[in-house]
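Residue numbers (our numbering), protein chains in the order written: chain A, 86 to 566; chain B, 27 to 439. Worksheet: one structure, shown below.
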């Protein structure tokens, strides 16, 4: 970074907040470590005002921009594979206000997810979306990816909780939608921006809807000696319109990894699968939901059912579930976290397929997933130094995605498309579908400087399929489809 | 493209009909084109582009007041209504998935009937279900009073297929309850009033049919007092499903209800009545009727102004409105969203630009007229602080034949 404009960036945000050279290596990838890129540097603005000045300068210089929260994303969406400048929200950590009457929170984009619920607690409120990385991931990153989490089964993913936001676009113009009403007249721009993976601008502030802390919460685990039985139990519970807040399954490899780790939750090590169900609300409705789950667990031959006896045990059960990805580090140094959606009536079939695909390739697969939403996370433990294993991992990931799509499922439930799944967009959408998304993108960012080469393939689907290079950046950011 | 046609809307509708082979029909007193399938719709759009004639997808026409074609003063820019009533039918509903996919012209009431046997309901309780279509409901961005429990309807739209004005077919989202693949363009289309694309089919998330419902109706002194009471009961009972204020004859009524697990509803209703502070005799209790009445009261074409305020401001605004409006004016207030619908006599000159609107506009999040004459069309331009709305409209509809909402009658697009 020697150009004069780099010094101008330093003048705007302060010298310490422009990171270049070897110090920038920590930003070369996100949680999808198979993809790495070295950009010009990282800029950390303090607020919207500094972001505007930074973006205006980068617009003048025609520099590509990669927005980034905590870098916990799992699809390469925050990796600077096309170079350019990464704009991080690490200094935007202020919870600006919490309004208990409106039940909203106005925050800066770099606030850590779990910090918002902590701040809202004295008001009897909480923020519902709870990704497993919630102790590290930022709310701005959650908005970009429309992140989920176990309790989104009841409360919905991030987009349902965004009341308004403020964004700085590629030209440095502020789009202030913070005061967006509950039912906006005109276009729902907030809905469009949520989940757009940083391709329309940098979100700097968000107005979130908060939920009332329920009067009763109960959590149970049901232990099964087959993964099939756990899946069937969930499918039947969904068909019976169960009103739980979270329905999660962990398989044997995951249970073992968790129990061997600091996240040990007391899951039985001899179990083939554990079903974790939580219900929240009024005491009587919670009781009814839990009774129904227990009844279905018995019908599907659960070998043990147990209710969390207190808040501490409940917290431990969830710490195990949310620590599962980290715990898999005990199995192998790297983890490929797939994220696909299966029709909820075909859970067992698709989980089976994922297991078969991994076994055929001699891979270590752990399943931990949001069963209630049909959102599967087949996790493959591997060592990226073993090139052949990397090849088999990517092949298995692709086959699992294709199996889901063929059976009416989807490519991603909560992690986003990023770079990892970009070419697979052609499995779900055709050229016309993708061209319309490009037209929307071009209406907002005609030079395509925001997070280039992510989400939308830049070539026609036929060419993408023929290229057969799922993780290679495929075109110049200025290229048209 | 040639210049805009100087022919009258009826003549132009006939020309488009003859050129595309599309039949003419009638909706709400308007001549409209009624394509029988997607190919015919594409042919209509092609002819509309060739003739530079704007068109307006209207569903069944129940929400037409926002841009009623016969209110346009310049016939050459009057949009020709297109009704999709023939593109109707349920495409997929798999018991156990909790979703439904249907064509845009499917009556809302057909969707209700289709999901009932599997113990499910749609996530919005809307009035005039027989005369509303799926595409119309989504295009006009409607939600029911039960948004308090389920959230706005647009949160439950899982995916869509649309036709752009150039005939391109495009889908977004999918049919799964959880999906973040690609841009959520279906969220953008929902509430866009057909200005970006014409919805052909949509998938919705369903909610469980509650075991039991309970509703109340309590007379209050006025709207401002009623709103304060509403906030009190909302605080005391977070599980309320809906909560509205409305006027029935000379009385202002606070109405609300619960829905869910039977044993919980029975306990919660005691808590609600205690929070409201009335005696049991002062409540009119009958869930189904109360819910229906409340829904109908917030219905189509009855209201001239739609004010969206913060909950904090709502009580003050209601007091000011009551002081300035005739005593008989009906206000319908969704107490969960701070939304006030103001009903004014269709002949009242004050409906056009009432004196109170200016002062309220400074504090309310949004004011928009719902049921207007030609003189108010200019105010219907989407309120977007940036140029994004224009850029998106031009990006998806460069010919400008779907952009009726953005233009006032008589003004050249």
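The C-beta atom is built at its ideal place from N, Cα and C for all residues, glycine as well.
Specify, as a first and last residue, the run of the beta strand (DSSP E) that residue i falls within.
i: residue 202 of chain B; result: Segment: none, residue 202 of chain B is in no beta strand (DSSP E) and carries neither H nor E.
i: residue 283 of chain B; result: 277 to 286
i: residue 171 of chain A; result: 170 to 173
i: residue 421 of chain A; result: 419 to 422
i: residue 125 of chain A; result: Residue 125 of chain A -> no beta strand (DSSP E), and no H or E assigned at all.
i: residue 347 of chain A; result: Unbroken run through residue 347 of chain A: none, as it is neither H nor E.
i: residue 229 of chain B; result: 224 to 231
i: residue 413 of chain A; result: Segment: none, residue 413 of chain A is in no beta strand (DSSP E) and carries neither H nor E.
Apart from the five residues just before and just after residue i, which ones in its own chain have a Cβ nearer than 8 Å to its Cβ?
i: residue 404 of chain A; result: 348 and 350
i: residue 195 of chain B; result: 64, 187, 188, 189 and 226
i: residue 416 of chain A; result: 338, 342, 449, 451 and 466
i: residue 163 of chain B; result: 85, 134, 150, 152 and 179
Spatial neighbours of residue i within its chain, please: CB distance less than 7 Å, with the 5 preceding and 5 following residues excluded, ordered by chain position.
i: residue 417 of chain B; result: none
i: residue 290 of chain B; result: none
i: residue 94 of chain A; result: 103, 128, 139 and 142
i: residue 178 of chain B; result: 169
i: residue 296 of chain A; result: 210, 211, 213 and 240
Can you give me the Cβ contacts of residue i inside the same chain, cut-off strictly under 6 Å, excluding the 5 residues immediately before and after it?
i: residue 285 of chain B; result: 236, 239 and 267
i: residue 172 of chain B; result: 151, 267 and 268
i: residue 331 of chain A; result: 235, 236, 238 and 363
i: residue 216 of chain A; result: 222, 232 and 234
i: residue 145 of chain B; result: 235
i: residue 58 of chain A; result: The structure shown has nothing for residue 58 of chain A, since chain A only spans 86 to 566.
Examine chain A for any beta-carbon lying closer than 9 Å to the beta-carbon of residue i, and answer yes or no.
i: residue 204 of chain B; result: yes
i: residue 409 of chain B; result: With a pLDDT of 47 at residue 409 of chain B, under the threshold of 50, the modelled position of this residue cannot be trusted; read the value that follows with caution. Cβ-Cβ to chain A under 9 Å: yes for residue 409 of chain B.
i: residue 121 of chain B; result: yes
i: residue 12 of chain B; result: There is simply no residue 12 of chain B to check, as chain B begins at 27 and stops at 439 in what is shown.
i: residue 152 of chain B; result: no
i: residue 363 of chain B; result: yes
i: residue 175 of chain B; result: no
i: residue 299 of chain B; result: no
i: residue 255 of chain B; result: no
i: residue 264 of chain B; result: yes
i: residue 194 of chain B; result: yes
i: residue 218 of chain B; result: yes
i: residue 290 of chain B; result: yes
i: residue 326 of chain B; result: Low local confidence applies: a pLDDT of 45 at residue 326 of chain B is under 50, so the model's placement there is unreliable, with the coordinate-based value given in what follows. It does not: the Cβ of residue 326 of chain B has no partner Cβ on chain A nearer than 9 Å.
Would residue i count as contacting chain B if we go by Cβ distances under 9 Å?
i: residue 506 of chain A; result: yes
i: residue 267 of chain A; result: yes
i: residue 313 of chain A; result: no
i: residue 518 of chain A; result: yes
i: residue 225 of chain A; result: no
i: residue 117 of chain A; result: no
i: residue 236 of chain A; result: no
Let's see if you can read the secondary structure: which residues bound the alpha helix (DSSP H) around residue i?
i: residue 52 of chain B; result: Here residue 52 of chain B belongs to no alpha helix (DSSP H); instead the beta strand (DSSP E) covers 49 to 53.
i: residue 390 of chain A; result: Where residue 390 of chain A is concerned, there is no enclosing alpha helix (DSSP H), although the beta strand (DSSP E) it sits in stretches over 389 to 392.
i: residue 182 of chain A; result: Here residue 182 of chain A belongs to no alpha helix (DSSP H); instead the beta strand (DSSP E) covers 180 to 184.
i: residue 343 of chain B; result: 337 to 350
i: residue 98 of chain A; result: 89 to 98
i: residue 35 of chain B; result: 35 to 46
i: residue 136 of chain A; result: 133 to 146
i: residue 323 of chain A; result: 312 to 324
Looking at the strands, I want to know which residues DSSP matches up with residue i.
i: residue 290 of chain A; result: A:193 and A:251
i: residue 240 of chain B; result: B:284
i: residue 58 of chain B; result: B:51
i: residue 358 of chain B; result: B:367
i: residue 465 of chain A; result: A:421 and A:450
Next item on the list: Report yes or no: do the stretch 267 to 278 of chain A and the stretch 210 to 217 of chain B share at least 3 C-beta pairs separated by less than 8 Å?
Entry: yes
Check: Do the stretch 303 to 312 of chain A and the stretch 391 to 408 of chain A meet, that is, are 3 or more Cβ pairs less than 8 Å apart?
Finding: yes
Item checked: Segment contact flag, the stretch 175 to 182 of chain A with the stretch 123 to 135 of chain A, C-beta cutoff 8 Å, min 3 pairs -> yes
Margin query: If contact is defined by three or more beta carbon pairs under 8 Å, each pair taking one atom from either stretch, is the stretch 531 to 546 of chain A in contact with the stretch 502 to 516 of chain A?
Written below: The stretch 502 to 516 of chain A, when compared against the stretch 531 to 546 of chain A, does touch it at the 8 Å Cβ threshold.
Note to self: If contact is defined by three or more beta carbon pairs under 8 Å, each pair taking one atom from either stretch, is the stretch 205 to 214 of chain A in contact with the stretch 174 to 183 of chain B?
What the structure shows: no
Notebook entry, point to check: How about the stretch 328 to 348 of chain B and the stretch 244 to 261 of chain B: do they share at least three Cβ pairs that are nearer than 8 Å?
Noted result: yes
Next item on the list: May I ask you to verify whether the stretch 356 to 367 of chain B touches the stretch 269 to 277 of chain B, counting CB pairs closer than 8 Å and requiring at least 3?
Entry: The answer is yes - the stretch 269 to 277 of chain B touches the stretch 356 to 367 of chain B, with three or more Cβ pairs under 8 Å.
Notebook entry, point to check: Are at least three pairs of beta-carbons, each pair with one atom in the stretch 151 to 158 of chain A and one in the stretch 254 to 264 of chain A, less than 8 Å apart?
Noted result: no
Item checked: the stretch 517 to 529 of chain A in contact with the stretch 487 to 497 of chain A per 3-pair CB rule at 8 Å -> no
Item checked: Touching by the beta-carbon criterion (3+ pairs, under 8 Å), the stretch 67 to 82 of chain B and the stretch 107 to 114 of chain B -> yes
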